[in-house]
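Asks: Going by the working numbering, the first residue of the sequence shown is number 5, and it counts up by one from there.
Virtual Cβ for every residue (Gly too), placed ideally from N, Cα, C.
Before anything else, here's the structure in question.
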Amino acid sequence: MFDWKASLARLFAATVNQEPLENAADLMVSVSARDASYHTECVATLEGGIQACDKGETEVLSAINQSGYKVGTLDEAKELLVEFLEIYEQRYREAMTSK
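Quick look at the structure:
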């Protein structure tokens with residue numbers, strides 16, 4: 005079973021860590037453009053976090069806040085995750101188109 009909580013915490017710790025979301029997305033794409041399973045995991049992780057916000061699961065706050073980004077509410081967390089997913093998907097499409 006996919007563990008979005010652990011995956012989200014790892015993703016934010018490894019890629020975001022106080023960097024702009026664009027930089028984090030570029031780092032993720034540097035791997036996912038060559039590894040379809042990593043791309044699938046990235047999307048599932050961010051979508052899982054968004055769904056968790058909708059369900060009121062506050063664990064998403066700590067996963068994000070441990071990275072250096074700070075969100076105080078689930079609405080703020082969802083907004084950040086939606087933005088991150090949009091940036092990531094755009095950068096991924098660009099990378100795949102340029103292959």
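1. Closest by CA to Lys48, which one among Glu93, Met100, Glu23, Glu98?
2. Do the segment 30 to 40 and the segment 50 to 60 touch if we need at least three Cβ pairs shorter than 8 Å?
3. Using only CA atoms, which one of Thr101, Glu83, Glu63, Leu25 lies nearest to Ala10?
4. Near Val33, which residues of its chain fall below 6 Å by C-beta distance, leaving aside the five closest residues on each side in sequence?
5. For the alpha helix (DSSP H) that Ser41 lies in, which residues bound it at each end?
6. Alpha carbon to alpha carbon, how far is Asn69 from Val75?
Replies: Taking the geometry as given:
1. Here residue 48 is Ala; the residue named in the question, Lys, does not match the sequence. Answer by Cα proximity: Glu93.
2. With a cut-off of 8 Å on Cβ pairs, the segment 30 to 40 is not in contact with the segment 50 to 60, counting fewer than three such pairs.
3. Glu63
4. So the list reads Arg95, Tyr96, Ala99, once near-sequence residues are dropped.
5. Segment 40 to 59, the alpha helix (DSSP H) holding Ser41.
6. Note on geometry: alpha-carbon atoms of Asn69 and Val75 lie some 6 Å from one another.
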